[in-house]
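**Q**
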Amino acid sequence: MIQQVSGSLSKMESSSSLTASTLSVTSASDLKKLEKELSHQTGSKVKDIRFQLADQFKSLDGRLEIQQSIVSEVQDIFRRRAEIESNYSRDLDKLAKSITNRHKEYKQKRDTWQLFSSTQLWEVLIQQTKRNSKDHASLSEIYANHVATRCQEINEDLQRIYRKH
576 MIQQVSGSLS KMESSSSLTA STLSVTSASD LKKLEKELSH QTGSKVKDIR
626 FQLADQFKSL DGRLEIQQSI VSEVQDIFRR RAEIESNYSR DLDKLAKSIT
676 NRHKEYKQKR DTWQLFSSTQ LWEVLIQQTK RNSKDHASLS EIYANHVATR
726 CQEINEDLQR IYRKH
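And the structure:
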């Protein structure tokens with residue numbers, strides 16, 4: 576009986592060693608297949624990621640272009656507005672000067688004007704026109720020099736930020 580048990584043990588040992596060697600041979604071929612499959616899956620995943628990345632770059636390009644065009648439009652509006660304010664300032668100044676010059680022509684009649692209350696209204700109106708002229712000249716300078724320049728800086732910042740990413 577002991578011989579039978581030892582005989583069956585040796586048969587089991589030899590069959591398990593065959594199974595283990597068969598597994599290792601099978602495993603090596605399976606590993607190659609698995610490696611090829613993983614390589615194929617990885618390659619397809621990489622392609623998918625590349626396509627997604629390309630789409631994201633297109634989206635970012637579009638976004639940058641839109642933001643820059645909006646900032647450029649704002650800059651153009653302020654440049655035009657600066658021109659308008661400057662012209663308006665000059666026109667107000669011309670108006671105040673022409674009225675003042677016309678008033679100087681009537682200097683003899685002006686002595687009696689002090690008696691009327693409307694004279695003070697007229698003087699305040701002239702002063703207000705001159706003040707408005709100066710205010711619009713200042714506003715024109717702010718629009719042309721500060722706001723338009725800041726818009727240009729914003730566009731440059733947008734480009735710099737885009738290049739970093």
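Sequential numbering of the sequence shown, starting at 576, is according to our numbering.
Built from N, CA and C at the ideal position, the CB exists for glycine as well.
The structure displayed is predicted, hence computed values, not measured ones.
For Glu660, does the count of other Cβ atoms within 10 angstroms reach 16, so buried, or fall short, so exposed?
**A** As a working note, residue 660 is residue 85 in the sequence shown. Buried.
**Q** Determine the DSSP secondary structure at Phe691, reduced to helix, strand or coil.
**A** As a position in the sequence shown, residue 691 is number 116, starting the count at 1. Coil, per DSSP.
**Q** Measure the C-alpha to C-alpha separation of Gln705 and Asp668 and round it to an integer number of angstroms.
**A** The residue labelled residue 705 in the question sits at position 130 within the sequence shown. The residue labelled residue 668 in the question sits at position 93 within the sequence shown. Before going further, note that residue 705 is Lys rather than Gln in the sequence given. Distance between the alpha carbons of Lys705 and Asp668: 6 Å.
**Q** Grab me the residues of Gln643's own chain with a C-beta within less than 8 Å of its C-beta, minus the 5 sequence neighbours each way, in chain order.
**A** Here residue 643 corresponds to residue number 68 of the sequence shown, with the count starting at 1. Asn730, Leu733 and Gln734.
**Q** How would you label Ser634, buried or exposed, when you count the other beta carbons within 10 angstroms and need 16 or more for buried?
**A** In the sequence shown, the residue the question calls residue 634 occupies position 59. It is exposed - the Cβ of Ser634 has fewer than 16 other Cβ atoms within 10 Å.
**Q** I'd like to know if the segment 644 to 656 and the segment 719 to 727 are in contact, where contact means that at least 3 CB-CB pairs between them fall below 8 Å.
**A** Yes, the segment 644 to 656 touches the segment 719 to 727.
**Q** Going straight from the alpha carbon of Ile641 to that of Glu728, what length do you get?
**A** Residue mapping note: residue 641 aligns to position 66 of the sequence shown, counting from 1. Residue mapping note: residue 728 aligns to position 153 of the sequence shown, counting from 1. So the alpha carbons of these two residues sit roughly 16 Å apart.
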